[in-house]
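The working numbering numbers the first residue of the sequence shown as 186 and each following residue consecutively.
In this text, a Cβ means the ideal position worked out from N, Cα and C, and glycines have one as well.
A quick write-up on the structure given underneath.
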Amino acid sequence: MFVAQSPLSITNSVTTGTAGSPITLTSAGGSGTIAVSFAVSGTGCSLVGDVLSTTGTDTCVVTATNAANGIYASTTSPAVSVHFSLAAQRALRVRAVRHAGRAAHRRGFGVGTTERSRERLRLSPTRVLSHREQGHPLPGPSEPQRLGEVPSAVLADVHGDLHHEEALKSTRQAVPRSRSTGARFRSMNDRF
Numbered sequence: 186m187f188v189a190q191s192p193l194s195i196t197n198s199v200t201t202g203t204a205g206s207p208i209t210l211t212s213a214g215g216s217g218t219i220a221v222s223f224a225v226s227g228t229g230c231s232l233v234g235d236v237l238s239t240t241g242t243d244t245c246v247v248t249a250t251n252a253a254n255g256i257y258a259s260t261t262s263p264a265v266s267v268h269f270s271l272a273a274q275r276a277l278r279v280r281a282v283r284h285a286g287r288a289a290h291r292r293g294f295g296v297g298t299t300e301r302s303r304e305r306l307r308l309s310p311t312r313v314l315s316h317r318e319q320g321h322p323l324p325g326p327s328e329p330q331r332l333g334e335v336p337s338a339v340l341a342d343v344h345g346d347l348h349h350e351e352a353l354k355s356t357r358q359a360v361p362r363s364r365s366t367g368a369r370f371r372s373m374n375d376r377f
């Protein structure tokens, strides 16, 4: 006849972790010869000895067992859930590239875009902005406005990644750069 062991428990004080960062399991209790083994269940969870790991956002259910030894019967700890989450990414930094050009295109989604991913921003030497998407007016005024009157959310879109549409017509009359958009015009004669 075997004698019951002292209660066995998993003693990790922290039961949360980050995917890709292993957690070493610890236990306390048991009687006689202490040779605790751990078991895990849960999708994506793996256990090597006492080291628990996963590569995704998983919940791993862990138990500890001390085998029968001498006069003591085998004992198993209550199950403990360990939750893993994804690691936080470093902040994304977006930089605008300045290009001299007659028209600017921005690819991707932004403030006021619809399902289509291409919007056209027209910038004229008289500082007029027309914000439309290939025949579909975007939210906000559909008529051109002076840059100072355009909502800042729209100006943030203008500040995106700019690409040349056509080559510039060069003349000798310079036009100052627009402070709001970072776009540069080389000629008063550029027509949109």
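Among the options, which one has its Cα closest to the Cα of residue i?
i: D235; options: T228, A224, D243; result: A224
i: T209; options: V199, S216, R278, A273; result: V199
i: F187; options: G202, H268, S216; result: S216
i: D243; options: Q190, A272, A189, L277; result: A272
i: G241; options: P207, V265, T211, A264; result: P207
Quick one: is residue i buried, meaning 16 or more other Cβ sit within 10 Å of its Cβ, or exposed?
i: S262; result: buried
i: A352; result: Caution is warranted here: a pLDDT of 34 is assigned to A352, below 50, making its placement in the model unreliable, and the coordinate value is therefore given only provisionally. Flag for A352 reads exposed.
i: L193; result: buried
i: Q190; result: buried
i: N374; result: Residue placement at N374 is flagged as unreliable, the pLDDT there being 44, under the threshold of 50; the coordinate-derived value follows with that caveat. Flag for N374 reads exposed.
Are residue i and residue j closer than 9 Å when you measure CB to CB?
i: S259; j: A252; result: yes
i: T196; j: A213; result: yes
i: S270; j: V246; result: no
i: G205; j: S238; result: yes
i: T201; j: V267; result: yes
i: T228; j: G255; result: no
For residue i, decide whether its Cβ has a neighbour in chain B, counting only Cβ atoms nearer than 9 Å.
i: A253; result: Note that chain B does not occur in the displayed structure, where there is just one protein chain.
I'd like the ranges of any beta strand (DSSP E) spanning at least 3 consecutive residues and lying wholly in the stretch 207-270. Whole beta strand (DSSP E) segments, 3+ residues: 221-226, 230-233, 236-239, 244-251, 265-270.
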